[in-house]
Amino acid sequence: AQSVTQLGSHVSVSEGALVLLRCNYSSSVPPYLFWYVQYPNQGLQLLLKYTSAATLVKGINGFEAEFKKSETSFHLTKPSAHMSDAAEYFCAVSVNNNDMRFGAGTRLTVKP
Amino acid sequence: DSGVTQTPKHLITATGQRVTLRCSPRSGDLSVYWYQQSLDQGLQFLIQYYNGEERAKGNILERFSAQQFPDLHSELNLSSLELGDSALYFCASSVETEGNTIYFGEGSWLTVV
Chain E
1 AQSVTQLGSH
11 VSVSEGALVL
21 LRCNYSSSVP
31 PYLFWYVQYP
41 NQGLQLLLKY
51 TSAATLVKGI
61 NGFEAEFKKS
71 ETSFHLTKPS
81 AHMSDAAEYF
91 CAVSVNNNDM
101 RFGAGTRLTV
111 KP
Chain R
1 DSGVTQTPKH
11 LITATGQRVT
21 LRCSPRSGDL
31 SVYWYQQSLD
41 QGLQFLIQYY
51 NGEERAKGNI
61 LERFSAQQFP
71 DLHSELNLSS
81 LELGDSALYF
91 CASSVETEGN
101 TIYFGEGSWL
111 TVV
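Residue numbers (the working numbering), protein chains in the order written: chain E, 1 to 112; chain R, 1 to 113.
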């Protein structure tokens, strides 16, 4: 079955610094890959999605992710962190018509 | 607002009791998913329904059951509740099942005391 692994349960960056959240996937067939964000006391919100149309995917709030098949990775980046980016981020994978599997999540802290 | 509506938002109940969580999917979405989020287990997929039929099953306990009704709303029934069932339960919906974005509700907080 497909799965994702998020490296680092907590990431802390300074405001204005690069954000890099790591995600590696495992799938026997071409996957669909997603990044979701969860703000405190809220549900998960889609940041971006990879569907094989382009390897570099741009999402909301200045985030983007690059699909690298050779590395089975789908890391999330943002050039300059804002305080409002502090949240929990989830990488997810789905294949065919199966259920979506989420990673354990990475909590991003942004220091002033 | 994702368009997925969950009720109740908060629920406190005693061990051994039974509760029902309700979900209304986004208009037009045929798939409904249930997830459990807890501090120790993270986000766990429980079950998925597509147009009234069970489509996929995850880590759902036998004490838990779900169904999707003809009007596409769904209910998650949790029985013989234990302290460890305290968690945030999310419903999500999507138009189709293959590679489609799923949209999450705000969740139902369940506290078992």
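Every residue, glycine too, gets a C-beta built ideally from N, C-alpha and C.
The distance from the Cβ of residue 6 (chain E) to that of residue 106 (chain E) is about 5 Å, consistent with a contact at the 8 Å cut-off. With a threshold of 16 other beta carbon atoms within 10 Å, residue 39 (chain E) falls short and is exposed. Residue 67 (chain E) is outside the set of residues whose beta carbon lies under 7 Å from a beta carbon in chain R. For the pair of segments examined, the region 37-52 of chain E was found not to touch the region 9-25 of chain R: the number of CB pairs separated by less than 8 Å stays below three. Closest in C-alpha terms to residue 90 (chain R), from the list R:3, R:108 and R:65, comes R:108. For residue 39 (chain E), no beta strand (DSSP E) run applies, since DSSP gives it neither H nor E. Neighbours of residue 90 (chain R) in chain E, taken as residues whose beta carbon is under 8 Å from its own, are 43 and 44 in chain order. With a 10 Å radius around the Cβ and a threshold of 16 neighbouring Cβ atoms, residue 16 (chain E) comes out exposed. Within the same chain, 107 come within 6 Å of residue 10 (chain E) by CB-CB distance, once the 5 residues on both sides are set aside. For residue 66 (chain E), the three-state secondary structure derived from DSSP is strand. Going by C-alpha positions, residue 110 (chain E) is about 45 Å away from residue 70 (chain R).
Closer than 7 Å to the CB of residue 58 (chain E) there is not a single CB belonging to chain R. The beta carbons of residue 7 (chain R) and residue 112 (chain R) sit about 18 Å from each other, so the pair does not count as a contact at 8 Å.
Judged by DSSP secondary structure, residue 57 (chain R) falls within the beta strand (DSSP E) whose first and last residues are 53-57. Bridge pairing for residue 109 (chain E): E:12 [DSSP]. Proximity to residue 28 (chain E) across E:57, E:2 and E:84 peaks at E:2, based on C-alpha coordinates. For residue 58 (chain E), the enclosing beta strand (DSSP E) starts and ends at 56-58. Using a CB distance cut-off of 7 Å, residue 5 (chain R) does not count as an interface residue toward chain E.
Nearest CB-CB separation between residue 106 (chain R) and chain E: below the 7 Å threshold. Distances from the CA of residue 56 (chain R) to each of R:45, R:63 and R:62 were compared; the closest alpha carbon is that of R:45. Flagged as an interface residue toward chain R: residue 104 (chain E), by a C-beta distance shorter than 7 Å.
If you ignore the 5 residues before and after residue 75 (chain E), its C-beta comes within less than 7 Å of the C-beta of 20, 21, 22, 23, 65 and 66, all in its own chain and listed in chain order.
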